[in-house]
Each structure stands twice: as structure tokens, then as C-alpha cells.
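Beneath this line is the structure, given in C-alpha cells, with notes to follow.
Chains as they are written, first to last, in the numbering used here: chain A, 567 to 685; chain B, 50 to 164.
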């Protein structure tokens with residue numbers, strides 16, 4: 567079974583600075599997807615960014631980018647120019663690829679990390 | 050993405066009773082899911098709601114405790130039956146729109162407290 571580990575329960579960053587959130591995962595599959603979700607106090611889960619394992623290029627979405635290291639099974643999220651609205655719980659998630667034997671739509675989440683942005 | 054609403058947004062229920070949570074999407078979606086988020090914890094998939102057939106439950110979750118309906122491509126319900134304080138959680142529905150493989154979009158969640 568796949569597992570996702572977020573080893574840092576909390577981090578803080580100064581407004582306008584850059585912060586990196588770490589995530590590692592364990593899988594025997596070669597085809598899969600990785601995601602970062604954000605959950606602000608409103609508890610709405612918001613998709614931040616998506617990475618396909620077969621793509622070597624790291625995904626970017628505006629101020630958000632990932633460092634995907636497939637061999638190391640590492641998937642970190644970098645937030646540039648941090649804003650107060652970035653304060654939230656951040657969850658890393660894994661999904662099997664469509665062609666993985668026994669693969670499913672199920673998202674496997676890490677335990678999450680609380681990000682505080684200081685003004 | 051899709052606009053997803055859930056009702057109720059929160060509820061406080063007595064032990065032994067049942068609560069039905071509704072999930073409505075503003076467009077037809079291929080797949081709908083129900084997750085549980087226990088206090089201070091991560092999200093765990095309860096089941097996949099299949100349109101026109103029985104839901105597919107994950108290990109540790111059973112239909113008698115969490116019956117699910119999905120009468121059409123925009124609506125689903127999750128019932129939490131015979132509740133105990135251990136069922137106090139946030140329950141979230143999510144959908145896969147089919148636009149991008151693997152992406153799921155979540156509703157705002159239902160915060161359930163069982164006393």
C-alpha cells in the first residue's frame with residue numbers, strides 16, 4: 567500500500583519570503599500522480615498543484631512550484647512571495663496512475679502541515 | 050473545476066441517531082467520493098459513490114454504518130448511522146470532473162459532533 571509522509575507538522579514564514587514544504591511517499595508503482603492541497607480555516611480543500619510521475623518537468627502554478635524527485639520519492643512544494651492568505655494546512659496526496667495494476671481513484675493523504683505566515 | 054455544496058455545514062447529534070449529509074455539484078461528474086477527517090487528522094476515503102450501483106467501500110468502512118446514495122450525476126448522500134462520539138469528524142465529498150486525470154475537487158465539508 568502507498569503511504570505519504572509529511573514529517574514537519576508546522577512551519578512559519580515571513581510575508582514575502584519563500585518557504586518549502588516537504589513530502590515523501592512510498593510506492594512500488596511507476597505510474598502515479600501527486601498533489602498538494604491547501605485547507606484554510608474555512609476547511610475547504612483547495613487543489614494547489616498536480617504532478618504526473620512520468621513527467622520530468624516540475625509543475626508550477628504562479629507562486630507555487632514543486633521539486634519532484636522520483637528516485638528519492640520526494641515531492642516538495644515551494645511557495646514564493648508568501649502571502650497572508652497562504653496560511654493554512656497543506657496536505658500532500660498520492661493517486662495511482664490509471665494503468666497501475668489494481669490502481670484506483672483513491673487519494674492517499676499525508677498528515678498535513680500547518681503553515682503560518684507572519685506579517 | 051466544479052462548484053460543490055454540502056448540507057448541513059455542521060450539526061450536533063445525539064449518540065445512537067443518524068445524520069444524512071447531502072452533496073450537490075453544479076455539473077455532471079463522473080465520480081463522487083466521501084472522505085472523513087477526524088479531529089487534527091488527515092483525510093481518509095470512506096467510499097466511492099457510483100451512479101446507478103452500490104458504493105464501493107474502503108477497508109474499515111461498511112455499508113450498514115455509512116450507507117451512500119447516488120441517484121444521478123450531480124448528487125450524493127452519505128448517512129452516518131447509529132452515531133457514537135468516535136464519529137465526530139468533518140465529512141467531505143469530492144468529485145472528479147474528468148478534465149484532468151486524478152484531480153479531485155472538494156466540497157466545504159460537514160462538521161459533525163456527536164454527544
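Every residue gets a Cβ at the ideal spot worked out from N, C-alpha and C, and that includes glycine.
* Give a yes or no on whether the C-beta atoms belonging to residue 599/A and residue 151/B are separated by under 9 angstroms. => Taking the first residue of the first chain as 1, we reach residue 599/A at position 33. Taking the first residue of the second chain as 1, we reach residue 151/B at position 102. Result yes, Cβ atoms of residue 599/A and residue 151/B sit closer than 9 angstroms.
* Through-space distance from residue 643/A to residue 129/B, alpha-carbon basis -> Working through the second chain from its first residue, we reach residue 129/B at position 80. Working through the first chain from its first residue, we reach residue 643/A at position 77. Residue 129/B and residue 643/A: Cα-Cα distance of roughly 35 angstroms.
* Verify whether the separation of the beta carbon atoms of residue 126/B and residue 162/B is less than 9 angstroms. => Along the second chain, one-based indexing puts residue 126/B at 77. Along the second chain, one-based indexing puts residue 162/B at 113. No.
* Beta-ladder partner(s) of residue 627/A, from DSSP -> Working through the first chain from its first residue, we reach residue 627/A at position 61. Beta-bridge pairing links residue 627/A to 630/A.
* Asked: Relative to chain A, which residues along the segment 146-157 of chain B have a C-beta separation below 9 angstroms, given in chain order?
  -> 149, 150, 151, 152, 153, 154, 155, 156 and 157
* To do: Report yes or no: do the segment 113-121 of chain B and the segment 93-104 of chain B share at least 3 C-beta pairs separated by less than 8 angstroms?
  => yes
* Closest to residue 648/A by CA distance: which of 606/A, 584/A and 611/A is it? -> Position 82 of the first chain holds residue 648/A. Ranking the options by Cα distance to residue 648/A, first place goes to 584/A.
* **Other residues of its chain near residue 613/A: CB distance less than 7 angstroms, five sequence neighbours each side excluded** => What you label residue 613/A is simply residue 47 of the first chain in a count that begins at 1. Only 601 and 603 meet the Cβ criterion.
* **Nearest-angstrom Cα separation, counted from residue 133/B out to residue 686/A** => Residue 686/A falls outside the range modelled here, since chain A spans only 567 to 685, and no answer is possible.
* To do: Please go through the same chain and pick out, in chain order, the residues whose beta-carbon is closer than 6 angstroms to the beta-carbon of residue 73/B, but skip the five residues on each side of it.
  => Here residue 73/B refers to the residue found at position 24 of the second chain. The answer, listed in chain order, is 54 and 124.
* Asked: Under 9 angstroms between the Cβ atoms of residue 86/B and residue 143/B?
  -> Position 37 of the second chain, counting from 1, holds the residue named residue 86/B. Position 94 of the second chain, counting from 1, holds the residue named residue 143/B. No, they are not a contact pair.
* To do: Answer with buried or exposed for residue 140/B, where buried requires no fewer than 16 other C-beta atoms within 10 angstroms of its C-beta.
  => Numbered from 1 along the second chain, position 91 holds the residue referred to as residue 140/B. Buried, since its Cβ has 16 or more Cβ neighbours within 10 Å.
* State yes or no: is the beta carbon of residue 139/B nearer than 9 angstroms to at least one beta carbon in chain A? => Mapped onto the second chain, residue 139/B falls at position 90. Cβ-Cβ to chain A under 9 angstroms: yes for residue 139/B.
* To do: Check residue 135/B in the structure and name its three-state DSSP category.
  => Mapped onto the second chain, residue 135/B falls at position 86. Three-state DSSP puts residue 135/B in a helix.
* Could you confirm whether any beta carbon from chain A is found closer than 9 angstroms to the beta carbon of residue 54/B? => Here residue 54/B refers to the residue found at position 5 when the second chain is read from its first residue. No, no contact with chain A.
* Nearest-angstrom Cα separation, counted from residue 104/B out to residue 619/A -> Here residue 619/A corresponds to residue number 53 of the first chain, with the count starting at 1. Here residue 104/B corresponds to residue number 55 of the second chain, with the count starting at 1. For residue 619/A and residue 104/B, the distance between alpha carbons rounds to 29 angstroms.
* To do: Please state whether DSSP places residue 122/B in a helix, a strand or coil.
  => Your numbering for residue 122/B matches position 73 in the second chain. DSSP places residue 122/B in coil when its eight states are reduced to three.
* Pick from 623/A, 663/A and 579/A that is closest to residue 683/A, judged by C-alpha positions -> One-based indexing of the first chain puts residue 683/A at position 117. Minimum Cα distance to residue 683/A is reached at 579/A.
* Comparing alpha-carbon positions, which option in 629/A, 656/A and 685/A lies nearest residue 92/B? -> For the purposes of this step, residue 92/B is identified with residue 43 of the second chain, where counting begins at 1. Answer by Cα proximity: 656/A.
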